[in-house]
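**Student:** Mapping the sequence shown onto the numbering used here, position 262 (from 1) lands on 270, and the numbers just tick up by one. Every residue, glycine too, gets a C-beta built ideally from N, C-alpha and C. Treat the numbers as computed from the prediction; the structure is a model and nothing was measured. Before we start, here is the structure in question, set down as structure tokens.
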Amino acid sequence: VPFLRIVPDARSGGMGDVGLATSPDPASLYFNGSKLAFAEDNMGLALTYTPWLKALVPDMFIGHLVGYKKLDDLQAIGASLRYFNMGSIQFTDINGTDLNQFNPHEYVFDFGYSRKLSQNLSAGLTLKYVHSNLAKGQSGPSGEISAANAVAADISVYYQNEVDWGGKEGFFSVGSAITNIGNKVSYTEGKVKDFIPTNIGVGAAYTMKLDDYNSLMISVDVNKLMVPTPSDDKMEGDTTVHDHREKTIFQGMFGSFGDAPDGIGEEMKELMFSIGAEYWYNNQFAVRAGYFHEHRLKGNRQYVTLGLGLKYNIFGINFSYLVPTSSGTNTNPLENTLRFSLLFDLDDSNNK
């Protein structure tokens, strides 16, 4: 279920996918649910639409509906639904004869709770249910294929404080989250199951108030998957090598920091880096830019992102655009990725 690690938000999508320590918004539930306790508005809602892998297929998309409500000055709750439609696939038999068409899809429900532990610190817990239906009812080498299901959790912390650096007022914040801690999944009745993409991330952000109308935020995130590194020997058929999938959930999580075949050097290659910037004018118009880097031997996702934001009264809209920078002779499947988000400040609408 790698879709759990696809950023479903246009604001962060325009800033290199940062989001662990940026200012709270409805999409905080995806990155770091503990931020919701510090949200300025008492209630918010966001809807994001992302056409996915447009360079390859025309009918895949990700939809994300998320909202939150502050219960009081100390607590907040949030909920979301992410739906990944993979388009229509034509199944065939071994001879290439058409059998039937199928619409593979995945979705995840999230429910989160955030609470302030002090004036500047909060913690959060998010529970989720994941459903992945790639080819239910079809037959494969291991028998009939079924849908996969998982129950998972995120734990997160967030700290923010007012600062005065260089004579400029502003905010400094840090955040961290371990996401997708859950059971392994399988699409058949086989005993060997695969890990879901558990991830640990740490981020920091600095927002500087330039004057009464202008502000600038710079943010950096570092992420790492907490899943076992597959053994090349095992994948090449060596039956004497232990299958990484047979590890327990916690063996896989904590062992992921030291199981790379080439040691610490390869472990460092598994880090993913994001840096983003956001400029606001009069809290109404935003310009964003960012960069995401993943090592060429660990996925090779490298891209620049650009974004715009507009807020008027209770309504807001965000847009982001992705430009791949990784080398290669073929078309990058992430090329021309767009994200569109609509935001609603429901609390303000009730007060006017």
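Among P238, S164 and I208, which has the Cα closest to the Cα of N231?
**Tutor:** I208
**Student:** Counting along the chain, where does the beta strand (DSSP E) carrying Q310 start and finish?
**Tutor:** Q310 to Y320
**Student:** Identify whether E278 lies in helix, strand or coil by the three-state DSSP scheme.
**Tutor:** coil
**Student:** Please work out which residues of its chain come closer than 8 angstroms, Cβ to Cβ, to N128, disregarding the five sequence neighbours upstream and downstream, and give them in chain order.
**Tutor:** Y167, Q168 and N169
**Student:** Give me, in chain order, the residues of the same chain whose beta-carbon lies closer than 6 angstroms to that of D355; leave out the 5 immediate sequence neighbours on both sides.
**Tutor:** So the list reads D49, N50 and M51, once near-sequence residues are dropped.
**Student:** Can you give me the Cβ contacts of L12 inside the same chain, cut-off strictly under 6 angstroms, excluding the 5 residues immediately before and after it?
**Tutor:** Excluding positions up to five away in sequence, the list reads N188 and P205.
**Student:** Please report whether the beta-carbon of G315 lies at a distance below 7 angstroms from any beta-carbon of chain B.
**Tutor:** Looking for chain B here will not work: only one protein chain is present.
**Student:** Excluding five sequence neighbours on each side, which residues of the same chain lie with their C-beta closer than 6 angstroms to the C-beta of G27?
**Tutor:** S20 and F39
**Student:** Less than 7 angstroms between the beta carbons of K43 and P32, yes or no?
**Tutor:** yes
**Student:** Enumerate in chain order the residues of its own chain whose CB-to-CB distance from L64 is below 7 angstroms, with the five nearest sequence positions on each side excluded.
**Tutor:** P341
**Student:** With which residues is I226 paired in a DSSP beta bridge?
**Tutor:** Residue pairing from DSSP places I226 in a beta bridge opposite Y214 and A285.
**Student:** For N340, which of helix, strand or coil comes out of DSSP?
**Tutor:** coil
**Student:** Examine the Cβ distances between the stretch 218 to 231 and the stretch 252 to 259 and report whether three or more of them are shorter than 8 angstroms.
**Tutor:** no
**Student:** Sorted by chain position, which residues of the same chain lie with C-beta nearer than 6 angstroms to F300's C-beta, five sequence neighbours on each side aside?
**Tutor:** Once the five neighbours on either side are set aside, the close Cβ partners of F300 are G24, D25, S282 and Y311.
**Student:** What are the partner residues of F117, as DSSP defines its beta bridges?
**Tutor:** L89 and Y137, per the DSSP bridge assignment.
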